[in-house]
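Numbering (our numbering), first residue to last: 1 to 445.
Backbone N, C-alpha and C fix where the C-beta goes; we use that ideal spot for every residue, glycine too.
Working notes, structure below.
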Amino acid sequence: MHPTRSGRLLFIAHEFPPSAGGGVQRLTKFARYLGEMGWDIQVLSATPVPGRPRDETLLGEVDGIRVFRRPARHIAGYIAGVLRPLKRMKAVVPGAAAAGASSGTPGAAEGRGPLSGRISRWLAVPDDAVLWARDIPVVAARMHREAPFAAIVASGPPYSALVGAVRAGERLQVPVIADLRDPWSGNLHAVWPTTWHQRRFHALEREVMERVAGVTAVSEVIAAEAIAYGAKRAEVIPNGFDAADMPAWSPDTSAPLRIAFLGQFSPGVADPAGFFAGVAAARGSEPLLADLRIDVVGPAAPWAVESAHRVGLGDAVVFHGFKPYAEALRVIAAADAGLIVLADSPGSKGVYSGKLFDYVGIGIPILLYGPPEGAAADVVRATGCGAVVRYGDLAQVEAAVIALAREKASGGVQCQSSQAVRATYDRREQVRVLSRMIEDVITAR
1 MHPTRSGRLL FIAHEFPPSA GGGVQRLTKF ARYLGEMGWD IQVLSATPVP GRPRDETLLG
61 EVDGIRVFRR PARHIAGYIA GVLRPLKRMK AVVPGAAAAG ASSGTPGAAE GRGPLSGRIS
121 RWLAVPDDAV LWARDIPVVA ARMHREAPFA AIVASGPPYS ALVGAVRAGE RLQVPVIADL
181 RDPWSGNLHA VWPTTWHQRR FHALEREVME RVAGVTAVSE VIAAEAIAYG AKRAEVIPNG
241 FDAADMPAWS PDTSAPLRIA FLGQFSPGVA DPAGFFAGVA AARGSEPLLA DLRIDVVGPA
301 APWAVESAHR VGLGDAVVFH GFKPYAEALR VIAAADAGLI VLADSPGSKG VYSGKLFDYV
361 GIGIPILLYG PPEGAAADVV RATGCGAVVR YGDLAQVEAA VIALAREKAS GGVQCQSSQA
421 VRATYDRREQ VRVLSRMIED VITAR
């Protein structure tokens, strides 16, 4: 590939290694493989947000790429810092609830979330990164003077990164490509305190979509949303995997059934309560499940831990906490099935979940507890290796888990996933699509 005109790109990503998480994997591979394809990449990012996952091993993926960092100025984080002394004072008062109570409170389990996050929704539209993103046009202009770039590629969420990117692009007369990893207006987390906030949130999406030269989106649903809000061009580049990162699927055929979940549960979005209830019913009726284990490779949110204990699975669900990416994948590869939890709610049909493609890459059977129609379900069915269980249908959960246990007992869980489908999600090939779009928007300028 021979980049047109200048081969230098500005890549805007709020979180970049050593920050970690599913979205960071996509951005890391984009930057790495665009560089290998001949583009000169410079990244504008934020300093790692305190309390967010870190994975120092990811730095090796982007060695040699210049990264310019601005203070994250995370609004919810600021608010949590202000509330912390109040929480400590309330903690010494018998019977008092802590201000800014974490997700261990009943309110959080119902989707309210920490107090700091609820307050920030009054102040931060479209998201908590808005203060960081306000600096993007000025910082990008300074970077452009020192080393001119031919195009900007920006990824969201946070959506404020996209707002900052289009404003920088207009200021510098440089084309912008917006990468959408989640729906914007259709985002499952987008619950606003007033109609003004909601209108502003939608207006910012329209501003971005009408001004970008192109959009990449992880699903057809998100691409269609971009077009509806004014984008001239939108291409689907789903999440994927790098075959070199993937351990071989290697379950212990002599051990009890193991199901693994990668990531974190989320109230109202990825709530495992119904799944746990169905599993508990299965364990009560099938002796093969007496020693079942569910490995959660992610944080032990108190409300999620309570969900397991409430139905008698406290001994079966093991929370491992955050682990570096390679280590997390090894835990998944040792299980018999990989679990996806996705609420069946407005917007969920366009959501894949990054972990889905890690499961595809490993070649492990996928158990989707979510909407039976949608992007994630389509991928599971296309692989030919796994099952889709309707969100909220405890009887289906019970039947699916019992079937897995009996299959394992009769010789091991089998998975012959489609190699053609797996090839669709190869990261390097996906980045070639992005590279061609960048070429096109630069040439058309």
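Original post:
Who are the near neighbours of Phe-30 in its chain, counting only those whose CB is closer than 8 Å to its CB and skipping five residues on each side?
Top reply: Phe-11, Val-153, Ser-155, Asp-179, Val-431, Leu-434
Original post:
How many whole angstroms separate the CB atoms of Ile-366 and Leu-356, which I take to be in contact at a CB cut-off of 8 Å?
Top reply: 7 Å
Subject >> Ile-340 in three-state terms, based on DSSP >> reply: strand
Original post:
Among the residues of its own chain, which have a CB less than 6 Å from the CB of Ala-109, if the five just before and after it don't count?
Top reply: Per-residue confidence for Ala-109 stands at a pLDDT of 35, beneath the threshold of 50, marking its modelled position as unreliable; no derived number is given.
Original post:
How about Phe-276 and Val-311: do their beta carbons lie closer than 8 Å?
Top reply: yes
Original post:
Is the stretch 372-385 touching the stretch 278-287, taking contact as three or more C-beta pairs under 8 Å?
Top reply: Cβ pair count under 8 Å is below three, so no.
**OP:** Determine the burial state of Ser-410: buried for a count of at least 16 other Cβ atoms within 10 Å of its Cβ, exposed for fewer.
**Re:** Ser-410 should be labelled exposed.
**OP:** Give the DSSP-derived three-state secondary structure of Ser-353 in the structure shown.
**Re:** coil
Original post:
Straight-line CA distance for His-309 to Val-318?
Top reply: 11 Å
Original post:
Under a Cβ-count criterion, where at least 16 other Cβ atoms within 10 Å of its own Cβ denotes burial, should Glu-56 be classed as buried or exposed?
Top reply: exposed
Original post:
Which residue from Ala-190, Ala-335, Ala-147 puts its Cα closest to that of Arg-66?
Top reply: Ala-147
Subject >> Length of the line joining the Cα atoms of Gly-361 and Gly-354 >> reply: 11 Å
**OP:** Quick one: measure Cβ to Cβ for Val-441 and Ile-177, integer angstroms, because I've assumed they're closer than 8 Å.
**Re:** 6 Å
Original post:
With 16 other CB atoms within 10 Å as the buried threshold, where does Glu-170 fall?
Top reply: The residue in question, Glu-170, is exposed, as its Cβ has fewer than 16 Cβ neighbours within 10 Å.
Original post:
What is the DSSP secondary structure of Arg-330, reduced to helix, strand or coil?
Top reply: helix
Original post:
Alpha carbon to alpha carbon, what distance is there between Arg-283 and Lys-408?
Top reply: Distance from the CA atom of Lys-408 to the CA atom of Arg-283, rounded to whole angstroms, is 15 Å.
Original post:
How should Phe-261 be labelled, buried or exposed, when 16 other C-beta atoms within 10 angstroms of its C-beta is the threshold for buried?
Top reply: buried
Original post:
When DSSP labels each residue in this structure, what does Val-401 get in the three-state scheme?
Top reply: Per DSSP, reduced to three states, the secondary structure at Val-401 is helical.
Original post:
Anyone know if the C-beta pair for His-74 and Ala-129 falls short of 8 Å?
Top reply: Result yes, Cβ atoms of His-74 and Ala-129 sit closer than 8 Å.
Original post:
Using CA coordinates, which residue listed in Tyr-359, Tyr-352, Asp-393 is at the minimum distance from Gly-374?
Top reply: Tyr-352
**OP:** Out of Pro-299, Arg-26, Pro-287, point me to the one whose CA is closest to Pro-53's CA.
**Re:** Closest option to Pro-53, Cα to Cα, is Pro-299.
**OP:** Rounded to whole angstroms, what's the CA-CA distance from Ala-161 to Ile-136? Just pull it up for me.
**Re:** Whole-angstrom Cα-Cα distance: 8 Å.
Subject >> For Arg-427 and Gly-240, believed in contact at Cβ under 8 Å, the rounded distance >> reply: 5 Å
Original post:
Under 8 Å, do Glu-36 and Val-24 count as touching if we go by C-beta distance?
Top reply: no
Subject >> Per-residue burial, Thr-195 [other beta carbons within 10 Å of its own, 16 or more giving buried] >> reply: With fewer than 16 Cβ atoms within 10 Å of its Cβ, Thr-195 is classed as exposed.
**OP:** Look at the alpha carbon of Arg-142 and the alpha carbon of Ala-403, and state the distance between them as a whole number of angstroms.
**Re:** Those two C-alpha atoms are separated by around 60 Å.
Original post:
So what's Phe-261 in DSSP terms, helix, strand or just coil?
Top reply: strand
Subject >> For Ser-45: DSSP bridge partner residues >> reply: Arg-69
Original post:
Just checking my contact of Ala-231 with Met-209 at CB under 8 Å: how many whole Å lie between their CB atoms?
Top reply: 4 Å
Original post:
In the DSSP assignment, what residue or residues form a beta bridge with Leu-180?
Top reply: Gly-156, Ala-217
Subject >> Three-state secondary structure assigned by DSSP to Ser-266 >> reply: Three-state result, Ser-266: strand.
Original post:
What does a CB cutoff of less than 6 Å around Ala-382 pick up in its chain, not counting 5 residues either side in sequence?
Top reply: Val-421
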